[in-house]
Amino acid sequence: ASSHKLVLTGSSTIAPLAVELGRRFESLHPGMRVDVQTGGSARGINDTRKGIADIGMVSRAMKADEQDLQAVTIALDGIGIIVHASNPVAALTRQQIADIFTGKITNWHEVGGKDARITVVNKAEGRSTLELFLAYFQLKNSEIRPHIVIGDNQQGIKTVSGNPHAIGYVSIGAAEYDAQRGVPLKLLPLDSVAASVVNLRNGDYPLSRPLNLVTRMTPTALAKRFIDFARSEQAYDLVEMQYFIPVSVD
Amino acid sequence: MANKQIVDTGKPNHLLRDRAIQLLIYLVVLCVSGIFLWILLDLIRGGSALLSWDFLISMPRDTGRAGGIGSILVSTLLVLSIALLVALPIGWATAVLLAEFIPAMSSFGSWVRYSLQVLAGVPSIVFGLFGYAFFSIYLGMGFSILSGGLTLACMLLPILVSTAEAGLRAVPESYRLSAAALGMSRAATLFHVLLPVAVPAWAAGLLLGIGRAAAETAALMFTSGYVDRMPESLLDSGRVLALHIFDLSMNVPGGDAPAHASALVLILLLLMINLVAMHLTHLWQRRKLNTE
Amino acid sequence: MIWWKCSILFQSVSIDRWFNAGLRLGATVAALIMALILLFLLLESWPALQHIPLMRFVTDDAWHPLEDRYNLLPMVTGTLYASSGSLLLVIPLGIASALFMAFYASPRMSMLYRRLIELLAGIPSVVFGFWGLTTVVPLINQWQPPGASLLTAILILTLMILPTLVLTSYAALIAVPDEYLRSAAALGLSRWGMIYGVVLPAARQGIVAGILLAAGRAVGETMAVLMVAGNVVQHADSLFAPIRTLTANIALEMAYAMGDHRAVLFVSGLLLLLLVMILTTMAGWFGKEHHGE
Amino acid sequence: MAAQEAEHRMRSKPDITTDAHEGVNPVQSGCAQGSTYTLSPLQAGPYCCIPEPVIQVKALSLFYGGKCALDTVTLDIYRGCITALIGPSGCGKTSFLSALNRLTDLIPACRIDGAVHIEGENIFEDTCNVQQLRKRIGMVFQKPTPFPLSIQRNIALPLREHGITRRTDVDVITEQVLRDVGLWDEVCDRLDTPALSLSGGQQQRLCIARALALDPQILLMDEPCSALDPIASGVVEDLINRLSGRYTIVIVTHNLAQARRIANYAAFFWVKERERTGHLVEFGHCQQIFETPAHPLTAAYVSGVKG
Amino acid sequence: MAAQEAEHRMRSKPDITTDAHEGVNPVQSGCAQGSTYTLSPLQAGPYCCIPEPVIQVKALSLFYGGKCALDTVTLDIYRGCITALIGPSGCGKTSFLSALNRLTDLIPACRIDGAVHIEGENIFEDTCNVQQLRKRIGMVFQKPTPFPLSIQRNIALPLREHGITRRTDVDVITEQVLRDVGLWDEVCDRLDTPALSLSGGQQQRLCIARALALDPQILLMDEPCSALDPIASGVVEDLINRLSGRYTIVIVTHNLAQARRIANYAAFFWVKERERTGHLVEFGHCQQIFETPAHPLTAAYVSGVKG
Ligand SMILES: Nc1ncnc2c1ncn2[C@@H]1O[C@H](COP(=O)(O)OP(=O)(O)OP(=O)(O)O)[C@@H](O)[C@H]1O
Ligand SMILES: Nc1ncnc2c1ncn2[C@@H]1O[C@H](COP(=O)(O)OP(=O)(O)OP(=O)(O)O)[C@@H](O)[C@H]1O
Ligand SMILES: [Mg+2]
Ligand SMILES: [Mg+2]
């Protein structure tokens, strides 16, 4: 990577935000170029390690074996359980959700809904959303009995909005964006905390994750400048536009 | 007459059979057209509102939700041109070699043919993996239009070769024999006699290739990358239309309308390339062959 | 002046030689690409092949790479079911369409239909997937949940590979010499008698080539299938069961895979390549046998 | 005549009863002994060129696109006779033949005026069953055009199409027509090989056999010998001679000596220099055309050129 | 002879000096008056069939794949003479002709044993310049094979290839050879139309003209008249007669009468029944072959078949 070009790769959740950040960064520093590639958190880590990318985007907490990289959180995101808007079920307990995903509950009427088979929408192996979800409900992926496995957020949203009996989980930001624009989608509260950006910001919502930018131990000056910019107040409105929660710098 | 009876007993069910088959074929065609028109109409309904000149030339903003597809069109055309620039000479040379210069059964020929047949069946995602591992990492091109173009070129090769070879093989043997009998070199025979006859087949193959290349997503995901800004050099990453459509529909909340519009643009683009190429081929052949 | 004439002759001879050399170079490059692909897939999957015994790719109880379970078999069957299902559908549809263009339609209709098919050949697979996800899946879901299933995958694949087959077999059909048609007509054969008895056998080679091409696309299609097949790793027990194909698996997990997981995905790429190589070899034998007869 | 009719019926309707099959038996045994059978009954049959028109061509004009290729031809073709069409290249002989079995339908740009009555029925009327018509009129082309199938299937295919599907019937007919054209001994041990592997002459005879298999009443032949070597050509010529009487034959030939040898009637076509429109100059008994031509053009043609 | 030689050189090498161009002028003016020019010098030229072998075929065997198509043929072809090759279909006449200008190179499976010496040089040696050889040996095929180009370009293309590129030279040669084959008057006003729009006979004559344009010494003709009507066939035959003496001509024909009329020498090929291997039965003066054949097979062939 040359001195006036930054390459970011990694989580598709962060990528849209990073693109906007990059655009503003470029306008503040003429002559700079910020290239954003999506993929997944693992790719962010991988590419940063290999030096293909200057900065990796990782939408989860760092793992123990990733201590060779330096991570900075730039925003928070939550994971929300979604069902079709026409689904009469208003809330599910933690146990019910775990049972539904593990195939112990297979019909909506067992949890107070219509008499219809539940379609479980799960995420593909390796996604950080999946890891978080599993960790929160203390499940193993092999225990889950999915009917549909999806890749990206929008596929999950499209699947659930097209199937009145489906249940899935996606980034709250994306779900809220679509729900507000008339997509037949409903976010279920978790542990009786409504899944909303507001609750996320309060810290009330239990299933949240940090959005990190990672670099190697000694980041280049440019990468450091960009990360600092991303955490600064100049970037808050961009973060909020993507329905994420900016982290306040102390 | 005697034989009339036989035929008369046979006749009605033949007539019936013919009618039934004709009906079936018409039904199939209606079905296929219907479904395809349905898709097209869906696309038009979803995207035509956005479609405008402005949409074509302005940059995407807000991860594609707003703005246009100017930079993406440029990247697409760049990737396509690189792919064609690389694949056409190699592919057509291979086709000419296979059809004209070496016996079909020779070991070199059958080796080349075999590898091309395998290439034709290799899934595009495997090309993507290969391009990522070879061009992007091993050759150090990173995520770049160049790397994407080269990957696509590999993918296009078998299509170009097989169509061009078929075109050449369809040229009557008598032209070759009489050209040889007149002491013409094989190169001259090729350029002056065989090519003009085979050119429609070549053009058709080219169009098929362009269609495949322009619609390719999986092979470019890991090679030319996602960056939706105007590329400044071939080593910059650039997002192609098909990938843009994929990203908008799979990753961007509220990206459906621009995705539809982009798909429409892609289809119109292909249509245009199609018409222009057909026209040029026709003109060229007419000039070469003096056909009326 | 005479030397000038000679030099032209000399030139055209040497042109032939240079030309031949250039062509050989091109062909070698073309052929090397397959070797390169094989090499790099091998290199990338080496870490996994080194310490995961090959048998485990078929004997493990499931596909949970993060839990060290690497059974690829369900995805192989998924790929086979989806592609053979779509081939079963597309062969009659495609050949009927090609016949329509060649023998049933008026020249104008034929042209129109051809344009339509050419257009479709250019629609990106993503668009098909997208359309399947928002239109076909909900439709089937109303009938047999969850909707995303082997059936949808087959339907969408059929639409995708149809243009390839139609265009190639149309080319094969119109290449059938007019003489055959004329003599068939002179024998009083009906239209279908002519098509079935004479035209199809004469065009068989071209049509089979088209089918192979289409089969290649069906096996290799990634994005569209990813969107509509449901992607559950399992052996499908009915048309309505979701499946995951090898290619969709790579696209789904590649970006997120690390270490062994990633290497195993390359192994599945390798597997696909080997599958294609075997099929090609078999097709070659088949072709030779027919040639010999 | 009656005997011949009966034999026809047997051949073309082998499924009347099983007796019919037994009736054919002697044929088979005869075949085993050589080609004596097929030659004898045909030769024994009465030579019956009857001055009764089977085909009446009335003011037939034929256009390709806007271009007139054949200008108001009026002509009768007599039952059981051999009529030779002669004339220079491009004078519309092939076009004329194609009009007789409506093969011109296959050429989109081709338009026809006038009428052709076959057995009294105008074939250009919509009520005419074209397939039936073409079954009654066999055609052999200048270039041998076997289908790319096995020899056996080349003959079986049109039979099937016309309702003769029983395996044994098809086999009997196949053998018979292949004997008729003298091909049986050459190919009987390899009926399953591709017809395209035959030599040119064999291919042409196969095409004739294929046409005969449908037991047509009329046979149109477009220069059937021009692609053949003298031996094969002689065989075909003999064959035509033997077939006359049984079939009404219209033959196009560039070989005037041949026309003279085999034809009962001859029609001479000519093509005008400028507009390249073919027309009928003279029609009459073969002898008359060749020996006392009425038209100077005919005289010049039949005498001036080297056959 | 000498004058003729000079004229040849002028034609084939028009770029020697500008004088050469002027030297050709009378030809042009002659052409404008009709076809007198081309006919007269040819007819006036000495009829010179010299018993001096130009082509010496020595134990030539020809194999397609493993199959032997032609078995040890030894034969001399004499300068300026017309040699006719006759024999039944499949006896290897076309294969033999193709071997003479190494056209067999184009057939991958084809292997050749033995030697063919042309003007003393073995053409199967690697040192032989094949293109130069083929320029010296013109060939005309059974089926007319004009390129799908304009009439003009059909002739210009091989000329270009052999270094005659100046527009005027090409035009002069084009007119001359078209006159030679009697096609000039028919097509002079439409040289730019596609050659494929010509009639069969015209196409064949165009092919002959194309071969003549390169001013070959030897002309191989594979049944040049079989696709033609009698008039065109007569024209071509006349042409061949006129060309003899100036060119060494080897002609394959199925028309024995024609062979008898035009040839000086004749070679009779036959094909063995079982293994389908062609071989030379008899070679000699035309008259001898047709009137006092030495071999019973020859006798049977030339007498028994209808030409
Ligand atoms: N399909 C066609 N489309 C347009 N013109 C045609 C077509 N077929 C034949 N012609 C023209 O019609 C005229 C008569 O052709 P036809 O083939 O009937 O001649 P012919 O007497 O059979 O000649 P030949 O002896 O060479 O076979 C020719 O000028 C020919 O160019
Ligand atoms: N390209 C080829 N490949 C294999 N066999 C061939 C090929 N060309 C010709 N033959 C075979 O070689 C033999 C001689 O063929 P050739 O064409 O020389 O005969 P011919 O004397 O010219 O016959 P005709 O008079 O029919 O033209 C035939 O048995 C033929 O089947
Ligand atoms: Mg004709
Ligand atoms: Mg031959």
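Chains as they are written, first to last, in this note's numbering: chain B, 1 to 250; chain P, 1001 to 1292; chain R, 2001 to 2293; chain F, 3001 to 3307; chain E, 4001 to 4307. Glycine residues also receive a C-beta, built at the ideal position from the N, C-alpha and C atoms. Keep in mind the model is a prediction, meaning the values are calculated, not measured.
Integer-rounded CB distance, given that residue j should sit under 8 Å from residue i
| i | j | result |
| --- | --- | --- |
| residue 165 (chain B) | residue 116 (chain B) | 5 Å |
| residue 169 (chain B) | residue 133 (chain B) | 6 Å |
| residue 216 (chain B) | residue 48 (chain B) | 6 Å |
| residue 161 (chain B) | residue 189 (chain B) | Not a contact, Cβ separation roughly 19 Å. |
| residue 125 (chain B) | residue 2253 (chain R) | 6 Å |
| residue 2247 (chain R) | residue 1158 (chain P) | In fact, because the Cβ distance is near 17 Å, the residues do not count as touching under 8 Å. |
| residue 1238 (chain P) | residue 1231 (chain P) | 4 Å |
| residue 4143 (chain E) | residue 1174 (chain P) | 6 Å |
| residue 3237 (chain F) | residue 3258 (chain F) | 6 Å |
Endpoints, the alpha helix (DSSP H) within which residue i is located
| i | result |
| --- | --- |
| residue 1200 (chain P) | 1195-1214 |
| residue 4158 (chain E) | 4151-4161 |
Chain E contact for residue i (CB, 9 Å cutoff)
| i | result |
| --- | --- |
| residue 1175 (chain P) | yes |
| residue 3232 (chain F) | yes |
| residue 3227 (chain F) | yes |
| residue 1103 (chain P) | yes |
| residue 1288 (chain P) | yes |
Sheet register partners of residue i (DSSP bridge)
| i | result |
| --- | --- |
| residue 3272 (chain F) | According to DSSP, residue 3272 (chain F) bridges with nothing at all. |
| residue 4116 (chain E) | E:4057 |
| residue 4111 (chain E) | E:4063 |
| residue 3279 (chain F) | F:3071 and F:3270 |
| residue 251 (chain B) | Given that chain B is displayed from residue 1 to residue 250, the structure contains no residue 251 (chain B) and the question cannot be resolved. |
Any chain F beta carbon closer than 9 Å to residue i
| i | result |
| --- | --- |
| residue 2198 (chain R) | yes |
| residue 4085 (chain E) | no |
Within-9 Å CB hit, residue i to chain B
| i | result |
| --- | --- |
| residue 2258 (chain R) | yes |
C-beta neighbour in chain P for residue i, strict 9 Å
| i | result |
| --- | --- |
| residue 4111 (chain E) | no |
| residue 2002 (chain R) | Only weak support exists for where residue 2002 (chain R) lies, its pLDDT of 27 falling under 50; the value from the coordinates is given anyway. Chain P, which has no Cβ nearer than 9 Å to the Cβ of residue 2002 (chain R), makes this no. |
| residue 50 (chain B) | yes |
| residue 38 (chain B) | yes |
Minimum Cβ-Cβ distance from residue i to chain R less than 9 Å
| i | result |
| --- | --- |
| residue 3267 (chain F) | no |
| residue 3158 (chain F) | yes |
| residue 3137 (chain F) | yes |
| residue 165 (chain B) | yes |
| residue 1274 (chain P) | yes |
| residue 125 (chain B) | yes |
Beta strand (DSSP E) segment containing residue i, residue limits
| i | result |
| --- | --- |
| residue 2199 (chain R) | First-last for residue 2199 (chain R): undefined, no H or E at that position. |
| residue 122 (chain B) | 119-123 |
| residue 1086 (chain P) | Looking at the DSSP string, residue 1086 (chain P) is not in any beta strand (DSSP E); the run it does join, the alpha helix (DSSP H), is 1070-1096. |
Review point. Using 8 Å as the Cβ pair cut-off and three pairs as the minimum, do the stretch 1268-1279 of chain P and the stretch 1183-1195 of chain P touch?
Key: no
Practice item. Determine, using beta-carbon pairs with one atom in the stretch 4198-4206 of chain E and one in the stretch 3077-3091 of chain F, whether at least three such pairs fall under 8 Å. Key: yes
Practice item. Count the C-beta pairs between the stretch 34-48 of chain B and the stretch 102-114 of chain B that are closer than 8 Å, then say yes if the count reaches three, no if not. Key: no
Check your understanding: Between the stretch 1109-1129 of chain P and the stretch 2019-2036 of chain R, do three or more beta carbon pairs fall short of 8 Å?
Key -> yes
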